[in-house]
Amino acid sequence: MRMRDRLQECIDKAMRDLGLDPQVPGARLERPANPNYGDWSSNVSLVAAKTVGRNPRDLAGELAAVISASPPPHLVNVEVAGAGFVNFHLEPGYLHEVLVDVVIQGERDYARSQLGKGERVQIEFVSANPTGPLHVGNGWWGAYGDSLARVMARCGYEVSREYYVNDTGGQIRRLGMSLLARLRGEPVPQEGYQGAYVAELAKSYEGPDDDVMTAGRWAAEVILENIKRTCQSMGIHFDEWYSQASIEESGAVAQTIAILAERNLVEEEGGATWLRSTKLGDSRDRVLIKSNGDPTYLAGDLAYHRDKFIVRGFDRVIDVFGADHHGQVASLLSGVRALGIDPDRLEVKLGQMVSLVDGQAAGKMSKRAGNFVPLDDLIADIGPDATRLLSLMSSVDQATTLDLDLVRQQSMDNPVYYVQYAHARIASIDRVAKERGLALAPLSQVNLSLLAHERELELLRCLDELPDVLVEACEARAPSKITTWVRALAGRFHGFYHDCPVLGSAGGEGVDPDLMQARWWLVEAVRIGLAIGLDLLGVRAPESM
RNA sequence: GCGCUCGUAGCUCAAUGGACCAGAGCAUCUGACUACGGAUCAGAAGGUUGGGGGUUCGAAUCCCUCCGAGCGCGCCA
Numbered sequence: 002m003r004m005r006d007r008l009q010e011c012i013d014k015a016m017r018d019l020g021l022d023p024q025v026p027g028a029r030l031e032r033p034a035n036p037n038y039g040d041w042s043s044n045v046s047l048v049a050a051k052t053v054g055r056n057p058r059d060l061a062g063e064l065a066a067v068i069s070a071s072p073p074p075h076l077v078n079v080e081v082a083g084a085g086f087v088n089f090h091l092e093p094g095y096l097h098e099v100l101v102d103v104v105i106q107g108e109r110d111y112a113r114s115q116l117g118k119g120e121r122v123q124i125e126f127v128s129a130n131p132t133g134p135l136h137v138g139n140g141w142w143g144a145y146g147d148s149l150a151r152v153m154a155r156c157g158y159e160v161s162r163e164y165y166v167n168d169t170g171g172q173i174r175r176l177g178m179s180l181l182a183r184l185r186g187e188p189v190p191q192e193g194y195q196g197a198y199v200a201e202l203a204k205s206y207e208g209p210d211d212d213v214m215t216a217g218r219w220a221a222e223v224i225l226e227n228i229k230r231t232c233q234s235m236g237i238h239f240d241e242w243y244s245q246a247s248i249e250e251s252g253a254v255a256q257t258i259a260i261l262a263e264r265n266l267v268e269e270e271g272g273a274t275w276l277r278s279t280k281l282g283d284s285r286d287r288v289l290i291k292s293n294g295d296p297t298y299l300a301g302d303l304a305y306h307r308d309k310f311i312v313r314g315f316d317r318v319i320d321v322f323g324a325d326h327h328g329q330v331a332s333l334l335s336g337v338r339a340l341g342i343d344p345d346r347l348e349v350k351l352g353q354m355v356s357l358v359d360g361q362a363a364g365k366m367s368k369r370a371g372n373f374v375p376l377d378d379l380i381a382d383i384g385p386d387a388t389r390l391l392s393l394m395s396s397v398d399q400a401t402t403l404d405l406d407l408v409r410q411q412s413m414d415n416p417v418y419y420v421q422y423a424h425a426r427i428a429s430i431d432r433v434a435k436e437r438g439l440a441l442a443p444l445s446q447v448n449l450s451l452l453a454h455e456r457e458l459e460l461l462r463c464l465d466e467l468p469d470v471l472v473e474a475c476e477a478r479a480p481s482k483i484t485t486w487v488r489a490l491a492g493r494f495h496g497f498y499h500d501c502p503v504l505g506s507a508g509g510e511g512v513d514p515d516l517m518q519a520r521w522w523l524v525e526a527v528r529i530g531l532a533i534g535l536d537l538l539g540v541r542a543p544e545s546m
């Protein structure tokens, strides 16, 4: 059992002994930044004092007294500090147990959680229209969705990743018009797609030059294949590529509108069919069928979400949109509510915009205007790993600025190298040990208590945190927390590596053999931690660089 | 005009309402290689967390307001 869980049990038991409810909302057990405040610290009495009507310091004192009457293993001292914190001071032996946990559970089982309890979650992300190549923003939100899926899967959710392909409607028509214009050497219409890639596509188009929709569908198909290739090159994986056209053709749209009509939420007006969403508190009504008979995007989207929740039966759906699409969130949520689906089951994450600076020029990206930086170009410049790590450094809520010039020139100082280098160094230690004919002794025969250097303890503390970081990342839907942790672990490893030789110089002098074995196992534990973290981020853990 | 998302070191970003140090990296300055990979390590400097109010034992975090930025507000998708 982890030390954290043991301490939590002690606190809960102490609360019960004092006749109080151990379930205190807002109570947390955390690692204080300041080492003077111990290894772990609980704010339970501060939070509980409000509802119980007690002085927090007094309550904390009673808790500390109860706990120290039957202390858990490794506890040196428990004390009250500040306004009423309960601080636990431990002897470092518990950290050696962490090492054993990491090594025995390994890459597959360390830092797993059953938080999700097998709940079925669908994460829909990227879903960029197949009217042009993915841009850098798509890559960032794509890495986010993909890593979130990995994090949630490790937390016991059954995750399905989906790309909604908008392969129908006016944009396909515009794409076809643009392609045919290029084919005939005519100027591309104002509302068409101006990008050079359309001209490239036109060169290999062999269909009729007078059928806009055929040309548009053909181009969209080719572009979608390229999008799939781009995603693959960044390690972004999808379980489903769901076609909007298939929804419309299946009759699901009409069916969905019929359901809304049964609920008396649909009316005709001005030749169009409206969803009276104002009846449910929406700020305005929404059109479902245009007066020309075509369904709106919203109608298709509602049919699609009904399919997610009702037909396919997902417990929870997470949609990752670019912030430029946040205008559709309100209508989607009120539409889902109108369908009788609990809107709490739908989470919409808005990925903030990625603005690009190249030297000085900063331009607004637009697929129609054709002036955007393709994701492929960035990947070609800095590689897929750097692209992923950079995108996962900041939270999705944070609008970021990427200076292409800087990223290219300083690629050697890119954080991805710092992290991967740590992993490669570990592999290198193993290689050198093998060359010297050294063997790693069985863990049970190794004296781990030799690991007492602050650098060593620091590493173990960091490894101990991973299960908590994983859960936090999952609950906050924030895989960037994994990035922060991985960088911290890598940093501590580099410090350890600098101060604590594992194998010593050639010939083996300089390091006591028992200490060597203990450190070697520590290094193995770090390797496991890095591998888990990097896998969650979708970044490779290389043996050499 | 209304709405959404934001505003943290010179730059890019961290910090589930917690504690006399708000942290990293880059850039700047100074040190450390006859040890397993120096793509590293150690140190210095850098802040009124956009301004102002409020809630709280306690605020970068929650509320109000002002300023600033981005994005939305269609019978486009």
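If you count by the working numbering, then the first sequence holds residues 2 to 546, one letter each, in order.
For each residue, glycine too, the CB sits at the ideal point set by N, CA and C.
This one's a predicted model, so the numbers in the text were calculated from it and none came from an experiment.
Only counting the same chain, and skipping five residues up and downstream in sequence, which positions put a Cβ closer than 8 Å to that of residue i?
i    : result
D386 : V417, Q421, V540, R541
I483 : S148, V152, L393, V470, L471, A474, G534, L537, L538
L299 : L276, R287, V288, L289, Q329, S332, L333, G336
V267 : I258, L261, T274, W275, L276, R277, L289
M571 : With the chain represented from 2 up to 546, any question about residue 571 goes unanswered, as that position is not in the structure.
A363 : In this prediction, A363 has a pLDDT of 44, which is less than 50 and means its spatial position is unreliable; nothing more can be read from the coordinates.
G171 : none
E457 : F497, C501, R520, L523
Q115 : C156, G157
T279 : R285, D286
Mind checking whether residue i and residue j have CB atoms under 8 Å apart?
i    : j    : result
C463 : L504 : no
Y198 : L176 : no
W275 : R287 : yes
R426 : Y498 : yes
N44  : F89  : no
F494 : V527 : yes
V81  : A49  : no
Q245 : G301 : yes
S292 : G271 : yes
V103 : Y95  : no
F239 : R121 : no
V160 : A144 : no
C11  : P73  : yes
T388 : G140 : yes
P131 : I224 : yes
V79  : S69  : yes
G146 : V349 : no
Quick check on the DSSP output: the beta strand (DSSP E) that includes residue i runs from which residue to which?
i    : result
Y243 : 241-244
I533 : Note, I533: premise wrong, no beta strand (DSSP E); alpha helix (DSSP H) at 514-538.
G352 : 347-352
G355 : The question names Gly, yet the displayed sequence has Val at residue 355. V355 -> beta strand (DSSP E) spans 355-358.
K162 : Checking the sequence shown, residue 162 turns out to be Arg, not Lys. R162 -> beta strand (DSSP E) spans 159-166.
Excluding five sequence neighbours on each side, which residues of the same chain lie with their C-beta closer than 6 Å to the C-beta of residue i?
i    : result
P190 : M178
V318 : Q123, K309, L347
S545 : A425
A532 : E108, A542
V67  : A15, D18
P296 : V254, I290
A200 : R183
P33  : S42
Using the DSSP secondary-structure output, state which residues sit across from residue i in a beta bridge.
i    : result
P375 : H136
E31  : S42
H90  : N78
W275 : E268, V288
D320 : E125, V349
P296 : I290
Hey, could you find the ends of the alpha helix (DSSP H) residue i is sitting in?
i    : result
K1   : Any question about residue 1 goes unanswered here, given that the chain covers just 2 to 546.
I342 : Per DSSP, I342 belongs to no alpha helix (DSSP H) and is neither H nor E.
G186 : Looking at the DSSP string, G186 is not in any alpha helix (DSSP H), and its letter there is neither H nor E.
L439 : No alpha helix (DSSP H) holds L439; DSSP gives it neither H nor E.
N227 : 213-234
Leaving out five residues before and five after residue i in sequence, what residues of the same chain have Cβ atoms less than 7 Å from its Cβ?
i    : result
R113 : R155
D515 : N448, L451
S342 : Inspection of the sequence shows that residue 342 is occupied by Ile rather than by Ser. For I342, where only same-chain residues beyond five positions count, the Cβ hits under 7 Å are F310.
V77  : H90, L91, E92
Y206 : L180, L184, A216, W219
Q361 : At Q361 the pLDDT is 49, less than 50, meaning the model places this residue with poor confidence and gives no usable figure here.
R338 : L281, P344
Continuous alpha helix (DSSP H) assignments of at least 4 residues falling wholly in the segment 384-413: 385-392, 405-410
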